[in-house]
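Residue numbers (my numbering): 5 to 432. Where a beta carbon is used, it is the ideal one built from N, C-alpha and C, also for glycine. Every value quoted in this text rests on a predicted model; they were computed, and no experiment measured them. This report refers to the structure that appears directly beneath it.
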Amino acid sequence: MSVTYATAERTRVWLTKVPAITATFWVIKVLSTTIGETFADYLTVNVGLGPLVTDALMAAVLVTALVIQFRTRQYTPWIYWLCVVLVSIVGTQITDFFTDTLGVSLYLSTAVFAVVLAIVFVVWHRQEHTLAITSIDTPRREAFYWGAILTTFALGTAAGDLATEALSLGFRNGVLIFGGLIAATWIAYKIGFGQVLTFWIAYVLTRPLGASMGDLLTQDKQFGGLALGASATSILFFAVIIVLVTREQLLVNRHGVAAKGSGPAGGHRADYAWAAAGLVVVAGVGLGLSATHSDTSDSGSNSLAVVDPGAPAAGQSAGTTGRAAPARKVHPTTRLGDLTSFATIVTDVKGKVAKNDLAGAKARIKDLEVAWDDAEAGLKPRDAGKWHQLDGQIDDALTALRAGSPSQSTCASTLATLLTTLNKFDGI
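Encoded structure:
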């Protein structure tokens, strides 16, 4: 009898497919959120695959990774966290499809995904009589688990965008708000609220927190960010994730799967130390690179500087005759701020189209697509309505120039409309 019980218990432990909920778990989860989002944007814009190809590609890769995950017989860190990153990408793409392609309100999409998540939990609980993360030890429970994870990412994306864009809170306030909500959830757990409830609340909140942190690091200083850029931020986060997941993999290989409900392999103190070290590296390297970027920018010329009309040129006193000073553009006061850099690119593209150099215009407008995508997190919360109007006109210009047989007149018309709107919305 005892041998049968021990064999059954070993089988249940062997089939536990998710990690212990530790400090390292939460750090990797938050960092993987940013990696997922920036990588999808990189494929869509920088590589030029476009949203449809990127969505299909990421969905296919996710299905492949989940097949591997379901075929494993124990928690395997590298494949588990690969699935989390891919779910982060696909969950974000689902929300973006509803918001950007179908035009669904963020209020509605947030409410819909909340209802879907509630349905997943209700069905899961009725079938399995538990939602505990420590009980993911059958294929059906694992299927419910990943279904819930995907929905939490879609919900977290919608809720985060609702807060930072529709409510115009911005990514800096997003870090404080979502970080504070996670801290409150942890306090609630400590004073006796259910572990399952607080886990899933925190899991939803880590999605907008990670996105806000990523935006804080990547966005330009004029938007309140640290100006690391998406590539540097992604490499930094990816390096930290690799180190932490590698440690998890080595511990699993050495100790096997920890019993359900037990602490992390390697001990709590070591886990806290590694998690803290990961955060210190992200903060230290991020701030260091930001300072270096700032020094480099300050020492060089400012390509976005605009000269005041009538102001003397450098080295020329007021009232001195000579070469006229460059004219300063008179900016209206708009919430989007200085759009000069985008207008400059559009002017260049428009000039190439006027010379019927459509190939050159097509190559140059790629710079606009990348710059506009990089600035989205900083610009969109300032005035989502105007941002969407400009975003649509940029899409029109991209479509015109990338057509199989582009029309010079159509390209010129879309670019003229875009430039007019940029000048209209440009501000200080």
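Which of helix, strand or coil does DSSP assign to residue i?
i: residue 111; result: helix
i: residue 302; result: Confidence in residue 302 is poor, its pLDDT being 48 and thus under 50, which makes the residue's placement unreliable; the coordinate value appears in the next sentence. It is helical.
i: residue 140; result: coil
i: residue 89; result: helix
i: residue 79; result: coil
i: residue 385; result: coil
i: residue 339; result: coil
i: residue 172; result: coil
i: residue 202; result: helix
i: residue 194; result: helix
i: residue 284; result: helix
i: residue 370; result: helix
i: residue 212; result: helix
i: residue 221; result: helix
i: residue 63; result: helix
i: residue 162; result: helix
i: residue 119; result: helix
i: residue 133; result: coil
i: residue 152; result: helix
i: residue 21; result: coil
i: residue 379; result: coil
i: residue 51; result: coil
i: residue 275; result: helix
List the endpoints of the continuous alpha helix (DSSP H) containing residue i.
i: residue 102; result: No alpha helix (DSSP H) contains residue 102, which DSSP labels as neither H nor E.
i: residue 406; result: That residue, residue 406, is in no alpha helix (DSSP H); it is neither H nor E in DSSP.
i: residue 352; result: 344–358
i: residue 361; result: Residue 361 -> no alpha helix (DSSP H), and no H or E assigned at all.
i: residue 44; result: 27–45
Looking at the C-beta of residue i, does it have a partner C-beta in chain C at a distance below 8 Å?
i: residue 99; result: Judged by its chain identifiers, the structure shown contains no chain C, having just a single protein chain.
Three or more C-beta pairs closer than 8 Å, one from the stretch 44–57 and one from the stretch 385–405: is that the case here? no
Pairing CB atoms from the stretch 121–128 with CB atoms from the stretch 60–79, are three or more of them under 8 Å? no
Entirely within the stretch 230–260 and at least 4 residues each: give me those alpha helix (DSSP H) ranges in chain order. 234–259
Under 8 Å, with one C-beta from each stretch per pair, do the stretch 93–104 and the stretch 156–169 reach the 3-pair mark? yes
Decide yes or no for the touch test of the stretch 402–412 against the stretch 359–373: beta carbon pairs closer than 8 Å, at least 3 of them. yes
Determine, using beta-carbon pairs with one atom in the stretch 338–350 and one in the stretch 387–406, whether at least three such pairs fall under 8 Å. yes
Hey, is the stretch 131–143 in contact with the stretch 188–196, meaning 3+ C-beta pairs nearer than 8 Å? no
Would you call the stretch 400–407 and the stretch 107–118 in contact, with 3 or more CB pairs under 8 Å? no
Within 8 Å, do at least three Cβ pairs link the stretch 210–223 to the stretch 370–377? no
Could you tell me whether the stretch 244–254 touches the stretch 179–189, where touching means 3 or more Cβ pairs closer than 8 Å? no
For the stretch 270–279 against the stretch 20–28, are there 3 or more C-beta pairs whose distance is under 8 Å? yes
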